[in-house]
Amino acid sequence: MSKWMLIPCAVLAAATTVTAQDARQVVAEAQARSTTKSQRYEGRLQVVDAGGKTSEKRWTYTRLGSHGASKTIIRFTGPAEVKGVALLIVNFPDRASDQWMWTPAINRERRIATQDRRTRFFGTDFSFEDLEERDVDHHTYVMEGEETLEGERCWRIASTPRPGRRSQYTRSTLWIRQSTYSFAQVENFNGSTLVRRLRYRDMASVQGIWSARTLEMHDFTRNSRTILTLESLTYDVPLRDDQFTVQALQRS
Amino acid sequence: MILLRLISWPYVRKHAGRALLTVAGIAIGVAVFVAMRAANDAVFGAFTQTVSRLAGATELQVTAGFSGFDEAVLERVQAMPEVAVASPVIEAVGATGLPGQGNVLILGIDMTGDRSLREYDLESGDAAVLDDPLVFLAQPDSLMITAEFARRNGLRTNDRLPLDTVDGRKEFVVRGVLGASGLSGAFGGNLAIMDIYAAQHVFGRGRRFDRIDLALTPGVALDAGRQALQQALGPGFQVQTPSARGQSFESLLRIYRLMLRFSSLFALVIALFMIYNAFATAVTQRRAEIGILRALGATRGQVGLLFVVESAVAGCLGSAVGVALGYALAGGVARLIGTLLEGIQGVGQGQAEVTPTPWLVGVALALGTLTSVLAAALPAREAARVDPIKALQRGRLQVLGAGENRARTLVAAGLGALGAALFVGTTSLPAFYVGYLCLLLAALLLTPWLSVALVRLLRPALVWLRPTEGMLAADSLIGAPRRTSATVSALMLAIALVVGLAGIGRASHGQITEWAESALNPDFFVTGSPTLTGRDYRLPEAMTGELAKVEGVAIVQRMRQPRVAYRNSLVLLMATDVESVGRTARRTVLEGEAADMYRRVAAGEAAIVSENFAAGFGVHAGDVVELAAPTGMLRLPVAGVVREYSDTQGALIVDLALYRKHWHDDTVDLFRVYVSPGAVPEEVRGRILTRFADQRRLFVLSSHQVRAYVGRMADQWFSVTWVQIAVATLVAVLGIASSLTVTIADRRREFGVLQAIGGLRRQVRAAIWMEAATLAVVCLVLGLVLGALHLYFVLQISYRDYPGLRFDYAYPSLVALAVCPVMLAAAVAAAIGPAESAVRGSLVEALEYE
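Chains A and B supply the protein sequences, listed in that same order.
According to my numbering, the first sequence is numbered sequentially starting from 1.
According to my numbering, the second sequence is numbered sequentially starting from 1001.
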């Protein structure tokens, strides 16, 4: 899963207030502060559709590596109809991730076609592209100013994909908390249309890293929301490479 | 206009029945043409629409014939920079357990990527499930059905739907209902969506896909993308647009379309003769009026134009009626074609909607009118040539002048010689057709002369039977050959057609039965589909050993028979245990030496080709065929040509091991099972069914069932042609009635004189009946002889053009014998009306007639 969303920035306790700083440096610092060797949590995913109807899934999330060179396994633990389904996501710094799924009911793994990165991630309001790890060098940044968001002072930074990088969004606006260098909000646009907004809430320091324990994605085209709640979040847990293979996927 | 009002209109009113007959002739011809074309357009239009609906936003499709390919190919395609989205597909026909619902087309797709290509337009269902492919993927019993199918069967989301799988009948859960647009309209709603990996399991496909649907990266031109994919995948794969692939599939139906076109053409030719007859009658009956007109100063042009305009009016009217009638009939014809299509696809298209199109209406009106004007052109020319003096002399105009006779004979001889030369001496297909046309024209030109010659031969017998009546009948026919030539020509052609159809029916039925007995001779065929042609439910290789262990089973032969691409066609590849099959089911060898042929093919060194493959592609023993396998081009020498009727496109027989090596496909379509000597086949069949009862969906077909199925398929081939036979009989009745009407009109005074000098009514009746019967005999003799030639032509078409099957020439003697009483009875029946008209008319009027 994307560090951008799931690994909020750590706080530098002694950070001095930066009044005017290079936008790229801010994003790079946010990325640096969230870098860990591994991560594990139990997630609760609630999708609230336009009519207010809510559906829920639960998973356990395990990640090895960081920022563009990580491997992740998500195992669904509920509800009953998806229990046992597992996903392996291998992220690459220079191309879209490879993904496999293990379906216990038919006892086989399958490669997931995610060439169209606009596709919604299994009925949530996240697209596959939203879940990709973005390296700071994939975009160009422009500092647009400062704003207070939910009581916190933030830098407002415009982000545009570098030439040659394909994205469903023509531009994004990032809000990064000045106090902790952690993301507060990301708005994604297609032209002048706001497509999705991601908010990072319930911030807490976990093993010295400022982390959001609630992520809320709002899809404006469908007027639906997805709320991801992170429980039992831990960093730098001991994990091995062979735990992140297609064969390992089958071992639940 | 004045002439039309003063001359034509009173005639039409006086002879309303005949006018109706003329209009009916055009109407029938146009109706058959419109019905065939409209039904054809509707069914194939629906097919094209189905292809388009199934394709969605797909720009290109990757296939390897119908053999499918490894999953790994998908990754190769997805990795290409030219490809934006590539989604695998399995397309198979699944049998539902719902009464009266039969089969549905199951589209196995990967929901994670496929929604970029196809709009699923979900109408109802649990939003969380429908919107969440994870649930759909996690539960392999998930199905989405169409609103139409749900409505017909009272199904709602979360209801259960029984569906046959390779493991037997299973219950699936309806997790979504597709709305009325897009995909839902395909196959009349008999469509269901399933996860592709579940579909692999349901249909026993192993880790293979049927095809890949893809969209290109924005900015990549279609042709460039196609070329890049083709180059990357190699010649074993076909990269086509969905419409092009649809056209390849449509080509499998070429034979049916050809037959329908032939029927339309036949209907128009028959209409031409009917109209010619009607106008010939009119000219005869109105010769006195024409004479008077000419005497009063009407020019030849005016008289000729009068008939042309009359024919155009009749043509317009008849065409209009024909168009309406045609569209009324089209629904039924569409159902017939739909049934044929369903036989090939396995699932019906649904009711094809026949809607009038301005183009077809316009063409039909123009064609009908043109046909009418063309048919009337000759009688109009005759009318224009009427000499005012001769016009009052009955019968003179029906005599062929010596000059005309000589000219006809010369032209006929020339055409006959040219036709025979082209017919026999060339292998060129167009030359062959031209040759046949020449021979046909020669026969038509010689018809009056041949008719007279035949009647002269028959005259002594007629006189011997009834001296006065026989003589009158014979002399009437000898004296006026032109009057009867159209009827004789039409009837001769109709009988020839019947003979041709019966002949090919007999030959094909006989030979196909013989082939079925030798090639389809195992005691049982064990398949996953209810027919031998079904390839949707595949069986695993492991079953070979399991079957062999069943008590009473002596031999098990495996068969996999996908369609593969060969020179832009999809031919049947029959991959089997050739060594074993060569010992148990030897086909008739047309080229090559049997023992050597089977040995080389069993060793994987060569292939055997079917006769129609050899004819269709010009391949002979010793040549090399190049097959595009997924692993690359496979070059195989042809070890022999055999009689094999499994497929109309042609078939190649190769060893199963060779197929598996190059296609990486270890599934089996069917097992040929022979029981041990002394074992009771029915008991063995029961043991096989019991052995796999809880494990597999199995059909154990006896050789008797299979042969009956083959017989039905062969009969279906010719089902459309019965319409032609019905039209031929109708022509016989109408033609003879029309011809005799002319006779009566021509000889009204003759009959009056006969009665005035003491001739009895029954004598007059007998004379007319004998004339009708003689006419029928002449038609029969000429028709049966021309039929012999026509049969040869039809057999040559089936061999040289399509579908490339060589049937032995065998004259359908029984049918020929059966046609004789039918035609004689039709002739006499057609003579009743005119005969009564002749004897019941006023004697005074008859004597005053001239």
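Beta carbons are placed, not taken as given, at the ideal position from N, Cα and C, and that holds for glycine.
In this text, all values refer to a predicted model and were calculated from it rather than measured experimentally.
Query, Result
"According to DSSP, simplified to helix, strand and coil, what is residue 1757/B?", "coil"
"Does the segment 1585-1598 of chain B come into contact with the segment 1025-1039 of chain B, if we say contact requires no fewer than three beta-carbon pairs (one atom in each stretch) closer than 8 Å?", "no"
"Using 9 Å as the threshold, is the C-beta distance between residue 1687/B and residue 1550/B below it?", "yes"
"With a threshold of 9 Å between beta-carbons, can residue 184/A be considered close to chain B, or not?", "no"
"Please identify, using Cβ separations under 7 Å, the residues of the segment 1195-1206 of chain B that lie next to chain A, in order along the chain.", "1197, 1198 and 1201"
"Bridge partners of residue 1574/B, per DSSP?", "1653/B"
"Let me see if you follow: with CB-CB separation under 9 Å, is residue 101/A close to chain B or not?", "yes"
"According to a CB-to-CB cut-off of less than 7 Å, which residues of the segment 120-135 of chain A neighbour chain B?", "122 and 123"
"Mind checking if residue 82/A is an interface residue toward chain B, Cβ cutoff 9 Å exclusive?", "yes"
"For chain B, is any of its Cβ atoms less than 9 Å away from the one on residue 106/A?", "yes"
"When we look at the beta-carbon of residue 232/A and count the other beta-carbons within 10 Å, is it buried (16 or more) or exposed?", "exposed"
"Can you name the residues of chain A whose CB is closer than 9 Å to the CB of residue 1075/B?", "111"
"Grab the span of the alpha helix (DSSP H) containing residue 1290/B for me, first residue to last.", "1287-1295"
"Round the Cβ separation of residue 1495/B and residue 1787/B to the nearest angstrom and send it over; I've been treating them as touching at under 8 Å.", "6 Å"
"In three-state terms, what does DSSP make of residue 1398/B?", "Here the model assigns residue 1398/B a pLDDT of 48, short of 50, so the residue's position is not dependable, and the following value carries that caveat. Helix, per DSSP."
"May I have the straight-line CA-CA distance separating residue 1666/B from residue 1202/B, to the nearest angstrom?", "16 Å"
"Let me make sure I understand the geometry here. Which of 65/A, 135/A, 81/A and 58/A has the alpha-carbon closest to that of residue 74/A?", "58/A"
"Can residue 211/A and residue 179/A be called in contact, C-beta distance under 9 Å?", "no"
"Considering only DSSP beta bridges, list what residue 1103/B is partnered with.", "1095/B"
"Whole-angstrom Cβ separation of residue 122/A and residue 1134/B, contact assumed at under 8 Å?", "4 Å"
"Tell whether a beta-carbon distance below 9 Å holds between residue 1137/B and residue 1507/B.", "no"
"Between which residues of its own chain and residue 194/A is the CB-CB distance below 7 Å, once the five residues before and five after are set aside?", "187 and 220"
"Do you know how far the Cα of residue 1322/B is from the Cα of residue 1023/B?", "9 Å"
"Using the Cα positions of residue 154/A and residue 41/A, report the straight-line distance between them to the nearest angstrom.", "27 Å"
"Taking Cβ-Cβ distances shorter than 7 Å, what residues in chain A pair up with residue 1138/B?", "81, 82, 85, 103 and 105"
"Which residues in the same chain as residue 1334/B place their Cβ atom closer than 6 Å to its Cβ, once the five residues preceding and following it in sequence are excluded?", "1039, 1042, 1043, 1352 and 1354"
"For residue 1697/B, which of helix, strand or coil comes out of DSSP?", "coil"
"Within its chain, find whatever has a CB closer than 6 Å to the CB of residue 1380/B; leave out the 5 residues flanking it on each side and keep chain order.", "1304, 1307 and 1308"
"Please list the residues of the segment 1806-1831 of chain B that have a C-beta atom closer than 8 Å to any C-beta atom in chain A, keeping them in chain order.", "none"
"Should residue 1067/B be listed as close to the ligand COA, given that the test is whether its C-beta is under 8 Å from any heavy atom?", "Absence of the ligand COA from the depicted structure is noted, as is the absence of any ligand whatsoever, leaving it without description."
"Is the beta carbon of residue 1546/B sitting closer than 9 Å to the one on residue 1668/B?", "no"
"Confirm, please, whether the CB-CB distance from residue 1560/B to residue 1576/B is below 9 Å.", "yes"
"Pull up the CB-CB distance for residue 1171/B and residue 1162/B, whole angstroms please, since I reckon it's below 8 Å.", "6 Å"
"Taking 9 Å as the CB-CB cut-off, is residue 1536/B touching chain A?", "no"
"DSSP state of residue 1832/B, grouped into three classes?", "helix"
"Verify whether the separation of the beta carbon atoms of residue 1105/B and residue 1199/B is less than 9 Å.", "no"
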